[in-house]
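Chemist: What follows is a structure written as C-alpha cells; I'll ask about it next.
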Amino acid sequence: MKTFKLDITKEHCPMTFVKTKLELEKLSKGDILEVVLKEGEPLENVPKTVTEQGNKVLEIKNIQDDIFLVIIEKG
1 MKTFKLDITK EHCPMTFVKT KLELEKLSKG DILEVVLKEG EPLENVPKTV
51 TEQGNKVLEI KNIQDDIFLV IIEKG
C-alpha cells in the first residue's frame, strides 16, 4: 500500500471531482490518496462520489480554517 497526495484547493467543481477521479484511476487497490480541498461543494461532493465509485473514505479532518484533508482508500 502506497500513499499519494493531491491538492485541489485552487479547483472548483466539477474539476475537484474530475482531478480526484483521475488520480484514483492511477492507483492500485488499497493505495491511499490524501486529498486537500476547501469546504463547501468540494467537501460535500468529493467524499460522496468517490464512495459511490467503490472507494472508502477513511477520514475527513479540518486542517486549517476552510481547508480539509480527505483520506481515501482505493477500492
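For the sequence shown, UniProt numbering assigns the number 1 to the initial residue and increments by one for each residue that follows. Cβ atoms here follow ideal geometry from the backbone N, Cα and C, with glycine treated the same way. Note that the structure is a prediction, hence the values are computed from the model and not measured.
To the nearest angstrom, how far is it from the Cα of V36 to the Cα of P42?
Modeler: The alpha-carbon atoms of V36 and P42 are separated by roughly 10 Å.
Chemist: Please return the same chain residues whose Cβ sits closer than 8 Å to the Cβ of K74, not counting the five positions on each side in sequence.
Modeler: Cβ within range, chain order: L24, L27, S28, K29, G30, D31, I32, L33, N55.
Chemist: My assumption, with CB atoms under 8 Å, is that E39 sits in contact with D7. Please give the rounded CB distance.
Modeler: Contact flag wrong, Cβ pair sits at about 15 Å.
Chemist: Along the chain, where does the alpha helix (DSSP H) containing E41 start, and where does it finish?
Modeler: Start and end: 41-52.
Chemist: How about T20 and V57: are their beta carbons less than 8 Å apart?
Modeler: For T20 and V57, no; Cβs fall outside 8 Å.
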